[in-house]
Amino acid sequence: MDYRSFTRASASHETVHCVPDRLLGCIAGDLAQSAALACAEALGLRRLEVAASELQTLMDSTDEGIYRRDHEGRITFINRAALEQTGYTEAEVLGQDAHELLHHSHEDGSPYPAEQCPLTRTMYDRAGARFGGEVFWRKDGTPFPVDCSGFPLFDGETVNGLVITFRDITDSRQAEHQLAAQYRTARILAEAESIQEALPRVLRLCCDELGWQMSLAWEPDENGEMHCQSAYARPAWEEQLALLSHESVIRGQGAVGQAWQQGQHVYVPGPASLVRPPRPGDGLPPGELAVPVVRDGRVAGVVQLIGSNLPRGDGQPEAIETISAQLFQYAERKRSDEAAARMKDQFVSTVSHELRTPLAAMDGWLHILLDGEPGPLNEEQHRFLTTVKRNSDRLMRLVGDLLLIGQMDAGRFTLEMADVDIGDLVGETVTLFTGMAAEKRIELTADTGPGVVVHGDRLRLSQLLSNLVSNAVKFTPEGGQVRVRVGEQDGSCQIEVTDSGIGIPAAERAHLFERFYRASTATGTAGTGLGLAISKAIAGAHGGTIRIADSGGRGTRFVVEIPLHVAAGASL
Amino acid sequence: MATILVADDEQDIRELVVYRLSRSGYRIIEARDGEEAFQLAADRVPDLAVLDVMMPRLNGFDLTERLRHTPATRRLPILLMSASVQDSDIARGFAAGADSYLIKPFTPEQLLIRVRDVLSRS
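Chains as they are written, first to last, in my numbering: chain A, 1 to 572; chain B, 1 to 122.
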């Protein structure tokens, strides 16, 4: 670059003389000034003018705010970026106390004594340092977060000033907080049972992460008024919040009403909606933001945030919109879950009626025929009708299982608790399957030992045992053994059902308790794949477990454990 | 012998109930829906009503309530039959004023035992 032509083109005759004066006085400090004077003598004024102008351009071309303060703290130089970020003109800052002007208070508005300022301290430490977590203040009274650094200037051994550089980190810090807010919202929603439970927590995190004092969620009613559904305030603002949250808002009134009317976010640079005007010493920073929650083209609610240091609410409407979208998706998912649960309920009742009613008619008439009431049956007629009855029973059990599963899903299944002697129950169950076992010449034995009593639902526990014993008999080849053993161990009743049957491959055991799952070895045997899923649910409802234990490579061994003392009223 | 009103829109079930009860010596009045059952109950005042829950025109719950609010049938013993095993339905049946609730499917013997039980209590 041709410096001469640059100087000629850009600087007037006057500035050629004034620029070096200013720069000599301001940037380079006294040391530089003497050096410059020496240089001026040695190299000639013209050369220095060029160097100074170049330095000024350099200072003004960076986006980093830079200023110099003298040993008494007065600003002697400030660059373009620093003026733009703080909103002052050069004339307003030169000669002013830097700390009092730009760094006078903490983020919460409390005074920041100059002697505590880490930037000033670098002068005493005689070493430069960088600082995060500081805020600078604009001419309009708003703060902004900065990363800054202070570097002392030396005149020989004497520190005679400080160069301070700073960068407005509002955007990156807000982006961090917004991401954190969205992430935490997602976590709250994952844990919450309902939107009513989630909303106050989400409002609280809006305050924590996005830096507000109060947050309120408003919803319109059918009479054209908005009411506060949920709200949060930092402790100092609870009284104010209580007043505010009992108000109702009409369209167009206040920031909330305007956001509602316009369907766009509204930022008010003062606490406009406050019912009680802020008192001196409240320390409430200005700024109120109302963000409409727009759904299907209409405003379904407004999120109101009051009291933030953050300038203009930059980036915040977007963050709030994202969070409300998360809330809405959650609410819709809940609604569709509820609709699905209702459909399942409907299905359960349809299965109940439409399948059980014809089965009930078949079953009833079969009973009457088999009892021989309308007339005696010959042996063949009796055998055929018994086959019909057996299949009708099987169908009835399947419908019963489906019904039970449906009730479990709908959360409509409760246990009728009583003291149940498990030894007796096992004895009864084994008796029930003696005939079936005898047909296959299977040795079915029960070792019930001394009476073990659990608090449980007798009918359901009997169903669990029947499932296990009937499976064992079904999957054991002719001439095998099935053993049921009841014992007490570590405060639990332990029931073991062991068979010498076809066994279950280890890889399939994990799936065995899933609905409709049937082991690969179960081919050729009737079943729905619901029995073990139901058994597991019954054991679980009693606070117990069911598992397949190692049976040494032959057959299968199921182990059920039911705690002897379990809280009454458990449900599946 | 006692007179029993049997109301069920499902003919196969109604016939089954009628067969079992008439064979056991009871006199039977049959109804095919809730409205018909209400008229017959009010006119003839039987000793017992065996009513299905899921019936057209007037369901068993509402029929029971109406019978309880009608002077002639206020004390009529009522046995409800339903395929629903949901606790809420069973509770609703008793809340309406039923004396007993029989879940379908039931064996003819179970029906008979229940009928005798309700009659003996009244």
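Glycine included, every Cβ here is placed at the ideal spot set by N, Cα and C.
Is the beta carbon of LEU111 (chain B) within less than 7 Å of some heavy atom of the ligand HEM? The ligand HEM is not among the ligands present in this structure, which contains no ligands whatsoever.
Contained beta strand (DSSP E) runs [length at least 3] in the region 465-505 of chain A, N- to C-terminal order: Runs of the beta strand (DSSP E) spanning 3 or more residues and lying entirely within the region 465-505 of chain A occur at 481-489, 492-499, in chain order.
If the criterion is Cβ atoms closer than 8 Å, does the pair VAL388 (chain A) and ILE422 (chain A) meet it? For the purposes of this step, residue 388 (chain A) is identified with residue 388 of the first sequence, where counting begins at 1. For the purposes of this step, residue 422 (chain A) is identified with residue 422 of the first sequence, where counting begins at 1. At the C-beta level, VAL388 (chain A) and ILE422 (chain A) stay beyond 8 Å of one another.
With distances taken between CB atoms, is the gap from LEU48 (chain B) to PRO71 (chain B) smaller than 8 Å? Within the second sequence, residue 48 (chain B) is the residue found at index 48, counting from 1. Within the second sequence, residue 71 (chain B) is the residue found at index 71, counting from 1. Inclusion of LEU48 (chain B) and PRO71 (chain B) in the CB contact set at 8 Å is not warranted, their separation being larger than that value.
Length of the line joining the Cα atoms of GLN489 (chain A) and ALA438 (chain A): If you number the first sequence from 1, residue 489 (chain A) lands on position 489. If you number the first sequence from 1, residue 438 (chain A) lands on position 438. Taking the CA atoms as reference points, GLN489 (chain A) sits about 32 Å from ALA438 (chain A).
is_contact[ASP409 (chain A), chain B] using C-beta, thresh 8 Å: Along the first sequence, read from residue 1 onward, the residue named residue 409 (chain A) stands at position 409. With its beta carbon at least 8 Å from every one in chain B, ASP409 (chain A) lies outside the interface.
Flag LYS440 (chain A) as yes if its beta-carbon sits less than 8 Å from any beta-carbon of chain B, otherwise no. Translated into the one-based positions of the first sequence, residue 440 (chain A) becomes position 440. False, the Cβ-Cβ gap to chain B never drops below 8 Å.
Please give the ranges of any beta strand (DSSP E) in the region 153-237 of chain A, keeping only runs that are unbroken, at least 3 residues long and fully inside the region. If we require 3 residues or more, the beta strand (DSSP E) runs fully inside the region 153-237 of chain A come out as 158-168, 212-220, 225-233.
Bridge-paired residues (DSSP) for ARG333 (chain A): For this step, residue 333 (chain A) is matched to residue 333 along the first sequence. None; ARG333 (chain A) has no bridge partner.
VAL17 (chain B) - DSSP class collapsed to helix/strand/coil: Taking the first residue of the second sequence as 1, we reach residue 17 (chain B) at position 17. Helix at VAL17 (chain B).
Roughly how many angstroms lie between the CA atoms of ASP63 (chain A) and ALA81 (chain A), to the nearest whole one? Here residue 63 (chain A) corresponds to residue number 63 of the first sequence, with the count starting at 1. Here residue 81 (chain A) corresponds to residue number 81 of the first sequence, with the count starting at 1. Spanning the alpha carbons of ASP63 (chain A) and ALA81 (chain A) requires a straight line of approximately 5 Å.
Within the 8 Å Cβ cut-off, does ILE113 (chain B) reach chain A? Here residue 113 (chain B) corresponds to residue number 113 of the second sequence, with the count starting at 1. Interface flag for ILE113 (chain B) against chain A is unset, since no Cβ pair is found closer than 8 Å.
Can you tell which of A:ILE66, A:GLN381, A:PRO374 has its C-alpha closest to the C-alpha of GLN85 (chain A)? Locating residue 85 (chain A) in the first sequence gives position 85, counting from the first residue. Its Cα nearest to that of GLN85 (chain A), the residue A:ILE66 stands out among A:ILE66, A:GLN381, A:PRO374.
Pick out whichever of A:THR142, A:SER149, A:ALA507, A:PHE144 has its Cα sitting closest to the Cα of THR120 (chain A). On the first sequence, position 120 is the one that residue 120 (chain A) refers to. Shortest Cα-Cα distance from THR120 (chain A) to any of A:THR142, A:SER149, A:ALA507, A:PHE144 involves A:SER149.
Tell me, please, whether the CB atom of ASP43 (chain B) is closer than 8 Å to any CB atom in chain A? Your numbering for residue 43 (chain B) matches position 43 in the second sequence. Taking 8 Å as the threshold, the shortest C-beta distance from ASP43 (chain B) to chain A does not fall below it.
Using only CA atoms, which one of A:HIS104, A:LEU355, A:ARG342, A:GLU318 lies nearest to LYS139 (chain A)? Start at 1 with the first residue of the first sequence, and residue 139 (chain A) comes out as number 139. Of the listed residues, the one whose Cα sits closest to LYS139 (chain A) is A:HIS104.
Taking just the CA atoms, how far does GLN316 (chain A) sit from VAL275 (chain A)? By 1-based counting over the first sequence, the position of residue 275 (chain A) is 275. By 1-based counting over the first sequence, the position of residue 316 (chain A) is 316. Low per-residue confidence applies at VAL275 (chain A): pLDDT is 49, beneath 50, and the placement is therefore not dependable, though the value from the model is reported in the following sentence. Looking at the two C-alpha atoms, the distance is approximately 24 Å.
Taking Cβ-Cβ distances below 7 Å as the criterion, which residues of the region 67-86 of chain B are in contact with chain A? Under the 7 Å Cβ criterion, the region 67-86 of chain B contributes ALA83, SER84, VAL85, GLN86.
In chain order, what residues of the region 339-355 of chain A put their CB closer than 8 Å to some CB of chain B? Those residues of the region 339-355 of chain A that come within reach of chain B (Cβ to Cβ, closer than 8 Å) are VAL348, SER349, SER352, HIS353.
Is it right to say MET123 (chain A) is buried, meaning 16 or more other beta carbons lie within 10 angstroms of its own, or is it exposed? Within the first sequence, the letter at position 123 stands for residue 123 (chain A). With 16 or more other Cβ atoms within 10 Å, it is buried.
Quick check on THR185 (chain A) - is its C-beta less than 8 Å from some C-beta in chain B? The residue given as residue 185 (chain A) occupies position 185 in the first sequence. No - not a single Cβ of chain B is within 8 Å of the one on THR185 (chain A).
Using a Cβ-Cβ cut-off of 8 Å, state whether LEU572 (chain A) counts as contacting chain B. As a first step, residue 572 (chain A) must be located in the first sequence, where it is residue number 572. Below a pLDDT of 50, predicted positions are generally treated as unreliable, and LEU572 (chain A), at 44, falls in that range; the measurement from the model is reported next regardless. Output row for LEU572 (chain A): interface = no.
To the nearest angstrom, how far is the alpha carbon of ARG167 (chain A) from that of VAL146 (chain A)? As a working mapping, residue 167 (chain A) is identified with position 167 in the first sequence. As a working mapping, residue 146 (chain A) is identified with position 146 in the first sequence. When rounded, the distance between both Cα atoms is 5 Å.
What number of angstroms, rounded off, separates the C-alpha of GLY487 (chain A) from the C-alpha of ALA537 (chain A)? Your numbering for residue 487 (chain A) matches position 487 in the first sequence. Your numbering for residue 537 (chain A) matches position 537 in the first sequence. GLY487 (chain A) and ALA537 (chain A): Cα-Cα distance of roughly 21 Å.
Tell me, which residues are paired with ASP421 (chain A) by DSSP? The residue given as residue 421 (chain A) occupies position 421 in the first sequence. ASP421 (chain A) pairs with A:VAL453.
For ILE562 (chain A) and ALA539 (chain A), believed in contact at Cβ under 8 Å, the rounded distance: In the first sequence, residue 539 (chain A) corresponds to position 539, counting from 1. In the first sequence, residue 562 (chain A) corresponds to position 562, counting from 1. Their Cβ separation, rounded to whole angstroms, is 7 Å, which keeps ALA539 (chain A) and ILE562 (chain A) in contact under 8 Å.
Please state the DSSP three-state secondary structure of TYR88 (chain A). Taking the first sequence and counting its residues from 1, the one referred to as residue 88 (chain A) is at position 88. The answer is coil: DSSP assigns TYR88 (chain A) none of H, G, I, E or B.
GLN86 (chain B) by DSSP, collapsed to three states: which one? What you label residue 86 (chain B) is simply residue 86 of the second sequence in a count that begins at 1. Of the three classes helix, strand and coil, the one that applies to GLN86 (chain B) here is coil, per DSSP.
Neighbour flag for THR64 (chain B) against chain A, beta carbons, 8 Å: The residue given as residue 64 (chain B) occupies position 64 in the second sequence. Using a CB distance cut-off of 8 Å, THR64 (chain B) does not count as an interface residue toward chain A.
Considering only C-alpha positions, which residue in the set A:LEU366, A:PHE413, A:LEU402, A:GLY480 is nearest to VAL390 (chain A)? Taking the first sequence and counting its residues from 1, one reaches residue 390 (chain A) at position 390. Reading off the sequence, residue 390 (chain A) comes out as Arg, not Val. Nearest C-alpha to ARG390 (chain A): A:LEU366.
Among residues of its own chain, excluding the 5 on either side of GLN494 (chain A), which ones have a beta-carbon nearer than 6 Å to its beta-carbon? Residue numbering aside, residue 494 (chain A) sits at position 494 when the first sequence is read from its first letter. Result list for GLN494 (chain A): GLY487, GLU561, in chain order.
For the alpha helix (DSSP H) containing GLU65 (chain B), list its first residue and its last residue. Stepping through the second sequence from its first residue, residue 65 (chain B) is reached at position 65. That run of the alpha helix (DSSP H) goes 60-68.
Under a three-way DSSP split, which group does MET55 (chain B) fall into? Numbered from its first residue, the second sequence carries residue 55 (chain B) at position 55. DSSP, read as helix, strand or coil, puts MET55 (chain B) in coil.
Tell me the residue span of the beta strand (DSSP E) that contains LEU112 (chain B). Position 112 of the second sequence, counted from the first residue, corresponds to residue 112 (chain B). Looking at the DSSP string, LEU112 (chain B) is not in any beta strand (DSSP E); the run it does join, the alpha helix (DSSP H), is 108-121.
Can you give me the start and stop residues for the beta strand (DSSP E) that THR3 (chain B) sits inside? Here residue 3 (chain B) corresponds to residue number 3 of the second sequence, with the count starting at 1. Note, THR3 (chain B): beta strand (DSSP E), 3-7.
With a cut-off of 8 Å, do at least 3 Cβ pairs link the region 236-247 of chain A to the region 322-336 of chain A? Verdict: no, contact absent.
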